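Residue numbering for the sequence shown is 1140 to 1323, as defined by our numbering. All residues carry an ideal CB built from backbone N, CA and C; glycine is no exception. Predicted, not measured: the structure shown is a model, and the values here were computed from it.
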Amino acid sequence: MSQNEIEIARIDAATKLAIALLDKRPDADMGTLFAEAYRAVSAMNIPQTAPVSRSEIPIAQTPPASVEQMVEVDEEDEIPDFLKDPDNARTAFVYKIEKPIIPIEGSVQHDKITCLECGAKFTNLRKHLKVAHGLTADQYKIKYGLPEDYPIVAAALSEKRSAISARTGLSKSRLGIKKVKFQD
């Protein structure tokens, strides 16, 4: 299966999932639903032996009633609360949440983020994930059932970058850029 065929299959699967979710969440923005669905589909790593025809690719028309129906759950495994919501776009494509080599609770510190894949500590996890494990930040979060707001950059590094930006005059406030609030 070529890269083009894989990409077409991902877009097709994400579109079908977004449309199915739109029926359940009519007030949701279609663009946001598609983006969530595409991230989930992209994290699946479709193998080279995957079906060639787009119509052969199994697509969940509606999310299952519970994550337990599709995830192999060991009795000691914990399923994060956000995955128990059947309206969550991720639930349609989560097959097995990996167990990290270290506890998730201890992986985030002020000056370091510990990689759940190998246990190495970094101030910025993004490049390490891509180079060492071939994962994007979204794929990593989905793989371990992490919330969307799970940090990939240590708080200390973010604070340092903000301070440098403010000192050098590159901060939004010093450039005169103001946040614009749109009203409904």
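So which of Val1247, Ile1145 and Ile1147 has the shortest CA-CA distance to Leu1285? When only C-alpha atoms are compared, the closest one is Val1247.
Neighbourhood of Val1292 by C-beta, 6 Å cutoff - its chain only, sequence neighbours within 5 removed: Apart from the 5 residues on each side of it in sequence, Val1292 sits with its Cβ closer than 6 Å to the Cβ of Asn1263 in its chain, given in chain order.
Every unbroken alpha helix (DSSP H) inside the stretch 1268-1303 [4 residues or more]: With a minimum length of 4 residues, the continuous alpha helix (DSSP H) runs that stay inside the stretch 1268-1303 are 1276-1282.
Identify every residue that forms a DSSP beta bridge with Phe1261. Partner residues in the beta bridge of Phe1261, as assigned by DSSP, are Ile1252.
Buried versus exposed call for Thr1171 [16 or more other C-beta atoms within 10 Å across all chains shown]: Exposed, by the Cβ-count rule.
Using alpha carbons as the reference points, say which of Thr1275, Ser1181, Met1169 and Pro1290 lies closest to Gln1142. When Thr1275, Ser1181, Met1169 and Pro1290 are compared, the shortest CA-CA separation from Gln1142 is found for Ser1181.
Return yes when the Cβ of Arg1178 is within less than 8 Å of the Cβ of Asp1277, no when it is not. Going by beta carbons, Asp1277 and Arg1178 fall inside the 8 Å limit.
Please report how far the alpha carbon of Ala1259 lies from the alpha carbon of Ser1301, in whole angstroms. Looking at the two C-alpha atoms, the distance is approximately 25 Å.
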